[in-house]
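K.L.:
Pasting a structure here, questions to come.
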Amino acid sequence: MFIKEIQLKKWGNSQGIRIGKEELRELGYTDEEIVFTMMVDKGQIILTPKKKYPDTLEELFADYDGSPLDSEDKFDWGESVGRELL
Numbered sequence: 100m101f102i103k104e105i106q107l108k109k110w111g112n113s114q115g116i117r118i119g120k121e122e123l124r125e126l127g128y129t130d131e132e133i134v135f136t137m138m139v140d141k142g143q144i145i146l147t148p149k150k151k152y153p154d155t156l157e158e159l160f161a162d163y164d165g166s167p168l169d170s171e172d173k174f175d176w177g178e179s180v181g182r183e184l185l
């Protein structure tokens with residue numbers, strides 16, 4: 100666990116904080132771009148790294164609002180040419 104004082108500094112027309120390589124390494128990140136979710140609650144700023152890829156199919160399709168592809172008549176796949184039908 101890291102506890103470290105950091106300063107809020109002017110960065111262009113905004114204010115910003117920098118997260119050092121040590122802290123990123125502790126999180127398991129390299130120099131790649133990381134997207135964080137920021138939550139402000141009771142005077143605290145909480146940054147949570149967003150996952151790049153979902154862990155499960157449920158997470159992947161959580162926002163999907165289409166119908167399931169469970170009907171064979173939705174697409175014309177053409178004639179069978181091999182052992183597609185078992």
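Each residue of the sequence shown is one higher than the one before, counting from 100 in the working numbering. Ideal Cβ placement from N, Cα and C applies to all residues, glycine included. Nothing here was measured: the structure is a model prediction, and the numbers come from that model.
(1) Pick from Ser113, Ile133 and Asn112: whose alpha carbon is nearest that of glutamate 122?
(2) Pull up the CB-CB distance for proline 153 and leucine 159, whole angstroms please, since I reckon it's below 8 angstroms.
(3) Specify, as a first and last residue, the run of the alpha helix (DSSP H) that lysine 120 falls within.
(4) Nearest-angstrom Cα distance between isoleucine 144 and aspartate 164?
(5) Among all the DSSP beta bridges, which residues are the ones paired with aspartate 140?
P.N.:
Reading off the structure:
(1) Ile133
(2) 4 angstroms
(3) 120–126
(4) 33 angstroms
(5) Gln143
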